[in-house]
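Notes to accompany the following structure.
In the UniProt record's numbering, the protein residues as written are 1 to 529.
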């Protein structure tokens with residue numbers, strides 16, 4: 001058998017309603033003018049839950065003096081214990097009660113109470129359709145200041161017509177100088193502070209400042225609303241502001257400096273190519289690699305052309321070419337520099353010891369084959385980079401709340417990392433080969449110059465990554481371009497500038513006799529050791 005749910009809390013409101021009903025019934029029973037010869041009685045039930053309401057309704061519907069309900073074909077002739085029902089007060093419980101009472105035609109008091117109309121102490125007692133009395137009320141204020149408590153009428157309310165009158169001069173406030181106390185729930189918030197409601201009353205709230213990126217809309221003072229993607233707002237803001245779109249524009253001074261430096265490097269590379277072409281058969285050009293020098297200069301020019309993509313508003317073509325051209329050009333240059341250093345070391349130190357290998361190397365064009373394979377490997381990395389991790393123009397919103405940064409996505413991809421690692425490995429191999437040739441004849445000893453070039457390369461990229469880790473502003477492309485420009489300039493100046501100096505300023509050193517004398521001196525030194 002199920003248990004009837006009981007409430008552990010005391011319902012003071014229901015208790016007050018019961019006392020009012022009991023008082024009314026006693027007044028009616030004790031009066032000779034109201035319902036003469038009629039004595040009213042009542043039964044009180046606990047309706048704290050729907051199950052308790054069902055139990056109460058079953059008791060009401062039972063036959064007087066019994067505990068059972070008769071089943072009859074005509075429920076209109078049924079005579080239950082109660083003739084009328086007041087309550088329950090809640091909608092859910094009243095609905096459950098009405099569904100059980102309606103088949104037996106037991107009238108709810110609310111259905112008849114609006115028909116009541118009589119005089120009581122010269123006042124008309126009547127009720128509206130909702131069961132509310134249409135009597136007037138006096139509003140009183142208690143005075144507890146003296147030894148004897150008193151009250152006085154300070155206002156009244158009436159139903160017909162609806163009117164509320166209060167005499168504010170009769171109200172005695174207990175504050176200083178009879179001032180009206182200020183409610184702690186009605187203080188206005190400062191600008192940009194949301195009114196977060198505390199409890200059930202809308203007038204009671206806490207003032208919470210709106211965070212950055214949100215604003216307080218006047219149409220909704222209780223919630224801070226986020227700004228749009230293209231907007232920003234400081235803390236405690238009542239409106240959003242459009243973000244400023246920034247990128248490294250062509251007309252900025254830093255752009256002009258980088259543009260001039262890159263163009264100067266490109267012109268010097270082209271001029272050096274012309275100078276080497278004019279002196280192609282001289283010992284200096286031939287010792288530098290001969291026609292291989294033009295491939296090295298061309299790769300530097302390709303890398304330099306890619307640097308123009310770091311200036312101006314990023315576009316798809318700029319994002320696709322700027323890093324890939326630089327990475328590919330640098331890889332070709334380092335491949336040529338590596339194989340050139342390796343050839344010099346092999347010719348002077350190992351050709352006599354490994355003549356078969358040397359002949360095979362020369363016959364099968366080992367130097368050119370190495371350059372092709374090494375450059376092709378970087379080309380495949382760049383093509384994979386473009387296909388899988390395609391660099392695209394992007395609008396960056398996370399770096400600065402008030403700015404929209406226009407940039408490319410290439411630095412965040414795995415392709416960029418692979419290309420950079422590959423060029424780093426080529427740089428290490430170039431340094432190793434040039435270091436092995438540090439004791440070669442003076443005209444062929446390029447260890448110092450190559451070391452200077454690679455050192456400048458390493459320092460440039462270390463400075464770049466250090467700067468990029470702490471700075472993400474609009475001039476980050478300028479920092480990247482400066483690092484790449486330093487790398488290309490270091491490679492050019494370390495390898496080609498000494499040779500240009502000999503061709504232009506020391507023609508006496510650019511002779512076959514001088515080179516043969518250097519080789520003979522190296523041979524005597526090796527023989528003596």
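Beta carbons: idealized from backbone N, C-alpha and C, even for Gly.
For residue 63, the three-state secondary structure derived from DSSP is coil. Per DSSP, residue 197 is one residue of the beta strand (DSSP E) stretching across 193–197. Scanning its chain for C-beta atoms nearer than 8 Å, with the 5 sequence neighbours on each side dropped, one finds around residue 511 the residues 283, in chain order. About 6 Å separates the CB atoms of residue 338 and residue 433; that is less than 8 Å, so the two are in contact. The DSSP assignment places complete alpha helix (DSSP H) segments of no fewer than 4 residues inside the region 262–328 at 283–288, 292–306, in order along the chain.
Going by C-alpha positions, residue 429 is about 12 Å away from residue 340. Here residue 141 is bridged, per DSSP, to 152. Within the same chain, and ignoring the five residues on either side of residue 264 in sequence, no residue has its Cβ closer than 6 Å to its Cβ. Rounded to the nearest whole angstrom, the CA to CA distance from residue 43 to residue 37 is 20 Å. Comparing alpha carbon positions, the residue from 248, 246, 225, 247 closest to residue 237 is 225. For residue 407, same chain residues with a beta-carbon under 8 Å away, outside a window of 5 residues either side, are 247, 314, 393, 394, 396, 476, 477 in chain order. The DSSP-derived three-state label of residue 252 is coil. If you ignore the 5 residues before and after residue 401, its C-beta comes within less than 7 Å of the C-beta of 212, 213, 232, all in its own chain and listed in chain order.
For residue 119, the closest C-alpha among the options 35, 228, 171 is that of 35. Nearest to residue 325 by C-alpha distance, out of 465, 336, 298, is 298. Put simply, the region 41–58 touches the region 87–96. At least three CB pairs are less than 8 Å apart. Of all C-beta pairs linking the region 198–210 to the region 168–180, fewer than three are shorter than 8 Å, placing the two stretches out of contact. Taking the Cα of residue 171 as reference, the smallest distance to any Cα among 189, 156, 188, 152 is reached at 152. In the structure shown, the three-state DSSP call for residue 508 is helix. Taking C-beta separations shorter than 8 Å and ignoring five residues to either side along the sequence, the partners of residue 316 in its chain run 392, 393, following chain order. In this structure, residue 20 sits away from residue 54, with a CB-CB distance that is not shorter than 8 Å. Nearest to residue 336 by C-alpha distance, out of 223, 133, 384, 370, is 370. DSSP places residue 219 outside both helix and strand once states are collapsed to three, so it counts as coil. Taking residue 389 as the centre and dropping the five residues before and after it, the same chain places the C-beta of 413, 414, 415 closer than 7 Å to its C-beta, in chain order. Setting aside the 5 residues that flank it on each side, residue 115 has no residue in the same chain whose C-beta is closer than 8 Å to its C-beta. Looking at the DSSP output, residue 166 shares a beta bridge with 155. Between residue 311 and residue 380, the alpha-carbon positions lie close to 26 Å from each other.
For residue 363, the number of other beta carbons within 10 angstroms of its own is below 16, and it is reported as exposed. By alpha-carbon distance to residue 479, the top candidate from 502, 254, 16 is 254. Contact between residue 483 and residue 423 does not hold, since their C-beta atoms are separated by about 12 Å, which reaches or exceeds 8 Å.
Per DSSP, residue 122 is not a residue of any alpha helix (DSSP H), being assigned neither H nor E. Classified as buried, residue 262 has 16 or more neighbouring CB atoms from the shown chains inside 10 Å of its CB. Cβ contact annotation for residue 269 (same chain, cutoff 6 Å, sequence separation greater than five): 297, 300, 301, in chain order. Excluding the 5 residues flanking it on each side, residue 117 has same chain C-beta neighbours closer than 8 Å at 124, 125, 126, in chain order. Between the beta-carbon of residue 215 and that of residue 227 there is about 6 Å, and that keeps the pair under the 8 Å contact cut. Under DSSP, residue 57 takes part in no beta bridge, so it has no partner.
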